[in-house]
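Comments concern the structure below.
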Amino acid sequence: MKSLQKYILLLGLLAMRAQAQTTGGGTLQNPLGNTTFEGVVQKIITGLLQIATPIVAIMVIVGGFMIMTAGGNSEKVKKGRDVVLYAVIGFAVILFAQAVVFILKDLLGE
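When the letters of the sequence shown are read in order and numbered with mature numbering (1 follows the signal peptide of the UniProt record, and there is no 0), they come out as residues -20 to -1, 1 to 90.
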């Protein structure tokens, strides 16, 4: 009886090994459309820029609203000014990153 169980187990393992050797029907597609490192980095930065642009606009509006509704409270005015400042600084960092990629592409001659 034990030899029958071993035989069935062995047949089951061989079948799994044979199934593992079958080839798939297709190939992987590149979702980014780029094959170079610079192209991938440029796609990432462009995506960040597309996401950051409306966020910066909203944060500038929120900061301006905070300044307008401060009612003379200098602490609230400073908080609103900081919101606008940090939004602009964040946007500048993303633009600077995009500029660095363009400069490196020109320097490397690609």
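From the three backbone atoms N, C-alpha and C, an ideal C-beta is built for every residue, glycine too.
Here the structure is a predicted model, which means the values were calculated and not measured.
Item                                                                                                                                  : Value
Once you ignore the five residues that flank Leu84 on each side, which residues in its own chain have a CB closer than 8 Å to its CB? : Glu18
When the distance is taken between beta carbons, is Val40 closer than 8 Å to Gly72?                                                   : Note on residue identity: the sequence assigns Ala, not Gly, to residue 72. No, these two residues do not count as a Cβ contact at 8 Å.
Nearest CA to the CA of Ile25: which residue from Phe82, Leu87, Gly89?                                                                : Phe82
Please report the straight-line C-alpha distance between Ile47 and Val63, rounded to a whole angstrom.                                : 10 Å
What does the alpha-carbon distance come out to for the pair Gly51 and Ile38?                                                         : 21 Å
State the start and end residues of the unbroken alpha helix (DSSP H) segment that holds Leu84.                                       : 54 to 88
Apart from the five residues on each side of it in sequence, which residues of its chain come closer than 6 Å, Cβ to Cβ, to Gln78?    : Ile25
When you compare only the Cα positions, how much space is there between Val42 and Leu29?                                              : 20 Å
What span of residues does the alpha helix (DSSP H) with Pro11 cover, start to end?                                                   : First-last for Pro11: undefined, no H or E at that position.
Return the first residue and the last residue of the alpha helix (DSSP H) that Ala32 is part of.                                      : 17 to 48
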